[in-house]
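Chemist:
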Amino acid sequence: MNDLLELLVSATASGCVYGLVALGYLLITRPTGIVNFAVGEWAMLAAFGAYVALSRMEMPYPVGMALVLVLMLAIGWLTERLTVRPLVEKGAPPLAPVLSLLGMLVVFRESVSIGFGADPQPVPPALGFGRFEFGPLAGAYQSFFIIAITGLVFTGVWYFFERTLTGKSFEAVAIDRRAAALMGVRLGRVTAASFAVGAAVAGLAGMLVSPNVSAHYMMGMPLAVQGFTALVIGGVGRVEGALLGGLVLALVEQFTVRYAPIPAGLAMGVPLVLLIVFLLVRPTGLLKAREARA
Amino acid sequence: MKSLVRYIVAALVLSGVAFVLGSYQTDVYRKLLLWITLALSYNFLFGICGQVAFSHFAFYGIGAYSVVIFITQLALPLPLAVLATVALCVALALVVAIPATRLAGFYLALATLAFAQLFIVVLNEGGTVTGGTGGLTNYRLPDIFGVAVTGPWYTVAIVLLLLGTFAMLWRLERSWFGRACRAVRDNPDAAVAMGVDARLTKVLAYTITSALAGLAGMVYAFVDNTVNPAIFSQESVFQLLFMVIVGGAGRPAGAIIGATVLYLLPLVLSPIIGHHHALVFGLFMVLVVIFQPRGLIGLWDRFISGRQHRQAQVQLRKAHP
Chain R
961 MNDLLELLVS
971 ATASGCVYGL
981 VALGYLLITR
991 PTGIVNFAVG
1001 EWAMLAAFGA
1011 YVALSRMEMP
1021 YPVGMALVLV
1031 LMLAIGWLTE
1041 RLTVRPLVEK
1051 GAPPLAPVLS
1061 LLGMLVVFRE
1071 SVSIGFGADP
1081 QPVPPALGFG
1091 RFEFGPLAGA
1101 YQSFFIIAIT
1111 GLVFTGVWYF
1121 FERTLTGKSF
1131 EAVAIDRRAA
1141 ALMGVRLGRV
1151 TAASFAVGAA
1161 VAGLAGMLVS
1171 PNVSAHYMMG
1181 MPLAVQGFTA
1191 LVIGGVGRVE
1201 GALLGGLVLA
1211 LVEQFTVRYA
1221 PIPAGLAMGV
1231 PLVLLIVFLL
1241 VRPTGLLKAR
1251 EARA
Chain F
554 MKSLVRYIVA
564 ALVLSGVAFV
574 LGSYQTDVYR
584 KLLLWITLAL
594 SYNFLFGICG
604 QVAFSHFAFY
614 GIGAYSVVIF
624 ITQLALPLPL
634 AVLATVALCV
644 ALALVVAIPA
654 TRLAGFYLAL
664 ATLAFAQLFI
674 VVLNEGGTVT
684 GGTGGLTNYR
694 LPDIFGVAVT
704 GPWYTVAIVL
714 LLLGTFAMLW
724 RLERSWFGRA
734 CRAVRDNPDA
744 AVAMGVDARL
754 TKVLAYTITS
764 ALAGLAGMVY
774 AFVDNTVNPA
784 IFSQESVFQL
794 LFMVIVGGAG
804 RPAGAIIGAT
814 VLYLLPLVLS
824 PIIGHHHALV
834 FGLFMVLVVI
844 FQPRGLIGLW
854 DRFISGRQHR
864 QAQVQLRKAH
874 P
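Residue numbers (the numbering used here), protein chains in the order written: chain R, 961 to 1254; chain F, 554 to 874.
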């Protein structure tokens, strides 16, 4: 029983990380229709940012975290400016930005591999190493930290979309770009902001997961695939869907590894099978997007 | 008739090269020919039919692995092993394509990406059948009619594969099927309204190109006489995509140029920048997508049409001084 609960805590924590990556996709896909496979690479960049700020320069955690987030906002904004905006302005086909971002994925990864080498680099956890026990629930400090931060981020994003006018303008762009533009929503600004915040959210995921997996230049691709799987499971249309999908994915993943009588290597295939099944059976995901009201 | 002569000349020239190369150059040359073959079929799938599928390299791997498994473990004679491999590739492609082509746009990319990764997982966990992470080694091509096809003669076989793939896709592109593919790529709704069965077109294009990739994989299996999961990893399919885009998507000549440039580039660059040629690839890709969406072949077209334009002007001036 204790074993189960402990697993539940660690699975919830990784589910939160997947959920954040999924949110990184969603924030960009919703208003622009662009699927940005480079979100995993953004998470990797933030993990290295955290390594430099926290391990090398030994900044206090909140300062380092804030710095990394600011850096990620800037990187997301720059990525949009340099590789997406020119294409959108030229009226290129919708596939073009996806391809240029795929190119950026390689650029990010190789730059880091040149700058930091191929060895994994340590990143300290937020509250130190240690175990926290809360009645029958027990787990690493970092797991609880991840859960708490993710809760805050999702609440914030949900509040933004549901309760503020700016958030509604984002939703309006997602539902009908043209109509939103005619109503005075500035598309360029919405796109730039969604890339900046998407990068920050994905970066947060990378920073939170890095104490467990170490910052490594190849860490991006697995995160990108898991994040997308989470998004497909939860549904691309809703913010809550990203978190729900992440949690379902992580629970299935960790419980098969722990309890199913199949070799650990094959268990790695389980999320992929889940992704395929969801794509085929329920491509809208568990939660449906909101349609435009007539 | 004229085109047949052209193909024979091309076959002779490309094969002739094989007989003057040293062993290292032969290796580079064979792999270049295989990359071009793969790029040609991927160009049909991505460039002409507009399907963003990440499973092409997985089918290359399926072809390579299955032919080896059929020959060494099931002791099938070579012709039967080849037929069985093609049948397997077609069957798997149909299994992927029939449900996956229902999915629009990026969902197809994801389903095929998941399929490709699943393939790697199966390879790693396949025990003695796939040889796990080490893959399969210690096998060689059985004699064909009592003749051991080795050295430059095997390169000739690769040349024939390349030309066969090229000829088949060239014919296909100019048939009703090629037009249906383009129509489905550019505007599926309009294509359906014109009487094109969009789903059937997509499934057929996916199956044909995947089977061609499997065929190339079979030939590849006896180039290095070893197959392992690392060869068929995700990186390679990105490289294939980059080749087609940098060369110019939708044009066979573009696929050939893209594959040649991107395959040879690391060999040229590695003395200068070591193993960081992937960074150059990424930058190249971004720049091409933004500034030259029609690829290197687009640059060539512009050069040609510019020259024709100038010549026409010169003639015009001569006629009306």
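All residues carry an ideal CB built from backbone N, CA and C; glycine is no exception.
If you measure beta-carbon to beta-carbon, which residues of the segment 1169-1194 of chain R are closer than 9 Å to chain B?
Modeler: The structure shown has no chain B; the protein chains it does contain are R and F.
Chemist: Taking 8 Å as the limit between beta carbons, can you name the residues of its chain near R/LEU964, skipping five residues before and five after?
Modeler: By one-based count along the first sequence, residue 964 of chain R stands at place 4. So no residue of the chain qualifies.
Chemist: Mark F/ILE850 as exposed unless 16 or more other C-beta atoms lie within 10 angstroms of its C-beta, in which case mark it buried.
Modeler: Looking up residue 850 of chain F in the second sequence gives position 297. Buried, by the Cβ-count rule.
Chemist: Quick check on R/LEU1093: does DSSP put it in helix, strand or coil?
Modeler: Numbered from 1 along the first sequence, position 133 holds the residue referred to as residue 1093 of chain R. The residue asked about is misnamed: residue 1093 of chain R is Glu in this sequence, not Leu. DSSP places R/GLU1093 in the strand class (E or B) of the three-state scheme.
Chemist: Are the CB atoms of R/GLY1163 and R/VAL1023 within a distance shorter than 8 Å?
Modeler: Mapped onto the first sequence, residue 1023 of chain R falls at position 63. Mapped onto the first sequence, residue 1163 of chain R falls at position 203. Not in contact: R/VAL1023 and R/GLY1163 (Cβ atoms no closer than 8 Å).
Chemist: I need the straight-line Cα distance from F/GLN864 to F/ASP854, nearest angstrom please.
Modeler: Taking the second sequence and counting its residues from 1, the one referred to as residue 864 of chain F is at position 311. Taking the second sequence and counting its residues from 1, the one referred to as residue 854 of chain F is at position 301. Going from the Cα of F/GLN864 to the Cα of F/ASP854 covers about 15 Å.
Chemist: In chain F, what lies closer than 8 Å to R/PRO1243 by C-beta?
Modeler: Stepping through the first sequence from its first residue, residue 1243 of chain R is reached at position 283. LEU656 and TYR660, listed in chain order.
Chemist: Along the segment 815-839 of chain F, what residues have a CB closer than 7 Å to any CB found in chain R?
Modeler: Those residues of the segment 815-839 of chain F placed with their C-beta closer than 7 Å to a C-beta in chain R are HIS829, ALA831, LEU832, PHE834, GLY835, LEU836, MET838 and VAL839, ordered along the chain.
Chemist: May I ask which residues mark the beginning and end of the alpha helix (DSSP H) holding F/ARG559?
Modeler: Numbered from 1 along the second sequence, position 6 holds the residue referred to as residue 559 of chain F. Counting along the chain, F/ARG559 sits inside the alpha helix (DSSP H) bounded by residues 555-571.
Chemist: Provide the residue span of the alpha helix (DSSP H) that contains F/VAL682, from first to last.
Modeler: Numbered from 1 along the second sequence, position 129 holds the residue referred to as residue 682 of chain F. In the DSSP annotation of this structure, the continuous segment of the alpha helix (DSSP H) that includes F/VAL682 starts and ends at 680-683.
Chemist: Name the chain R residues that come within less than 8 Å of F/ASN677, Cβ to Cβ?
Modeler: Here residue 677 of chain F refers to the residue found at position 124 when the second sequence is read from its first residue. Neighbours of F/ASN677 on chain R, chain order: GLY1225.
Chemist: So is F/HIS609 buried or exposed if we call it buried at 16+ other beta carbons inside 10 Å?
Modeler: Within the second sequence, residue 609 of chain F is the residue found at index 56, counting from 1. The residue in question, F/HIS609, is buried, as its Cβ has 16 or more Cβ neighbours within 10 Å.
Chemist: Between the Cα of F/THR779 and those of F/ILE826, F/GLY801 and F/ASN691, spot the shortest distance and give me the residue it belongs to.
Modeler: Reading the second sequence from its first residue, position 226 is the one you call residue 779 of chain F. Cα-wise, what sits closest to F/THR779 is F/ASN691.
Chemist: Can you tell me where the alpha helix (DSSP H) with R/ALA971 in it begins and where it stops?
Modeler: The residue you call residue 971 of chain R lines up with position 11 of the first sequence. It spans 962-992 - the alpha helix (DSSP H) in which R/ALA971 sits, taken as one unbroken run.
Chemist: Please work out which residues of its chain come closer than 8 Å, Cβ to Cβ, to F/TYR582, disregarding the five sequence neighbours upstream and downstream, and give them in chain order.
Modeler: Locating residue 582 of chain F in the second sequence gives position 29, counting from the first residue. If we look at F/TYR582 and ignore the five residues flanking it on each side, its Cβ neighbours are VAL570, ALA571, LEU574 and THR708.
Chemist: Tell me which residue opens and which closes the alpha helix (DSSP H) that R/ASP1136 is part of.
Modeler: Against the first sequence, residue 1136 of chain R aligns to sequence position 176. Looking at the DSSP string, R/ASP1136 is not in any alpha helix (DSSP H), and its letter there is neither H nor E.
Chemist: By Cβ distance, which residues of its chain are closer than 6 Å to F/ILE809, with the 5 residues on each side in sequence left out?
Modeler: Residue 809 of chain F sits at position 256 when you count from the first residue of the second sequence. Result list for F/ILE809: ILE589, in chain order.
Chemist: Is it buried or exposed, R/ALA1153, if we count other Cβ atoms within 10 angstroms and call 16 or more buried?
Modeler: For this step, residue 1153 of chain R is matched to residue 193 along the first sequence. Looking at its Cβ environment, which holds 16 or more other Cβ atoms inside 10 Å, R/ALA1153 is buried.
Chemist: Determine, for R/GLU1122, whether the minimum Cβ-Cβ distance to residues of chain F falls below 8 Å.
Modeler: Here residue 1122 of chain R refers to the residue found at position 162 of the first sequence. Not an interface residue.
Chemist: Quick check: the segment 600-608 of chain F against the segment 756-766 of chain F, are there 3 or more CB pairs under 8 Å?
Modeler: In this structure the segment 600-608 of chain F touches the segment 756-766 of chain F; the number of beta carbon pairs closer than 8 Å is three or more.
Chemist: So if I threshold CB-CB distances at 9 Å, which residues from the segment 1036-1062 of chain R count as touching chain F?
Modeler: LEU1042, THR1043, PRO1046, LEU1047, LYS1050, ALA1052, PRO1053, PRO1054, LEU1055, ALA1056, PRO1057, VAL1058, LEU1059, SER1060, LEU1061 and LEU1062
Chemist: Measuring alpha carbon to alpha carbon, tell me which of R/ALA1098, R/ASN996 and R/THR1126 ends up nearest F/ALA662.
Modeler: Translated into the one-based positions of the second sequence, residue 662 of chain F becomes position 109. That would be R/ASN996, whose Cα lies nearest to the Cα of F/ALA662.
Chemist: Would the beta-carbon of F/TYR613 fall within 8 Å of that of F/ALA769?
Modeler: Position 60 of the second sequence, counted from the start, is the residue given in the question as residue 613 of chain F. Position 216 of the second sequence, counted from the start, is the residue given in the question as residue 769 of chain F. At the C-beta level, F/TYR613 and F/ALA769 come within 8 Å of one another.
Chemist: Report the three-state DSSP secondary structure of F/ILE697 (helix, strand or coil).
Modeler: Translated into positions along the second sequence, residue 697 of chain F becomes position 144. Judged by DSSP in its simplified three-state form, F/ILE697 adopts strand.
Chemist: Strictly by DSSP, which residues pair up with R/GLY1099?
Modeler: Within the first sequence, residue 1099 of chain R is the residue found at index 139, counting from 1. DSSP, once it has assigned bridges, lists R/PHE1092 as partnering R/GLY1099.
Chemist: Count Cβ pairs between the segment 1110-1117 of chain R and the segment 1198-1214 of chain R that sit closer than 8 Å; are there 3 or more?
Modeler: Enough Cβ pairs lie closer than 8 Å, so yes.
Chemist: Taking 8 Å as the limit between beta carbons, can you name the residues of its chain near R/THR1039, skipping five residues before and five after?
Modeler: By one-based count along the first sequence, residue 1039 of chain R stands at place 79. Excluding positions up to five away in sequence, the list reads ALA998, LEU1061, MET1064, PHE1155 and ALA1159.
Chemist: Check distances from the C-beta atoms of the segment 777-807 of chain F to those of chain R and list, in chain order, the residues that come in under 8 Å.
Modeler: GLN787, PHE791, LEU794, PHE795 and ILE798
Chemist: Would the segment 1119-1135 of chain R count as touching the segment 1176-1185 of chain R if we require 3 or more Cβ pairs under 8 Å?
Modeler: no
Chemist: Confirm, please, whether the CB-CB distance from R/LEU1235 to F/ALA564 is below 8 Å.
Modeler: Within the second sequence, the letter at position 11 stands for residue 564 of chain F. Within the first sequence, the letter at position 275 stands for residue 1235 of chain R. Going by C-beta atoms, F/ALA564 is not nearer than 8 Å to R/LEU1235.
Chemist: Quick one: what's got a C-beta closer than 7 Å to R/SER1073's C-beta in the same chain, skipping five residues either side?
Modeler: As a first step, residue 1073 of chain R must be located in the first sequence, where it is residue number 113. Closer than 7 Å at the Cβ level, and outside the excluded window around R/SER1073, lie TYR1177.
Chemist: Buried or exposed: where does F/LEU636 fall if 16 or more other Cβ atoms within 10 Å of its Cβ makes it buried?
Modeler: As a working note, residue 636 of chain F is residue 83 in the second sequence. An exposed status is given to F/LEU636, since fewer than 16 other beta-carbon atoms sit within 10 Å of its beta-carbon.
Chemist: So, using beta-carbon positions, are F/GLY848 and F/VAL790 closer together than 8 Å?
Modeler: Numbered from 1 along the second sequence, position 295 holds the residue referred to as residue 848 of chain F. Numbered from 1 along the second sequence, position 237 holds the residue referred to as residue 790 of chain F. Contact: no.
Chemist: Based on the DSSP secondary-structure assignment, which residues constitute the bridge partners of F/VAL780?
Modeler: Residue mapping note: residue 780 of chain F aligns to position 227 of the second sequence, counting from 1. DSSP, once it has assigned bridges, lists F/LEU689 as partnering F/VAL780.
Chemist: In three-state terms, what does DSSP make of R/ALA1175?
Modeler: Within the first sequence, numbered from 1, the residue matching residue 1175 of chain R stands at position 215. Strand at R/ALA1175.
Chemist: Determine, using beta carbons only, whether F/PHE668 comes closer than 8 Å to chain R.
Modeler: Your numbering for residue 668 of chain F matches position 115 in the second sequence. True, the Cβ-Cβ gap to chain R drops below 8 Å.
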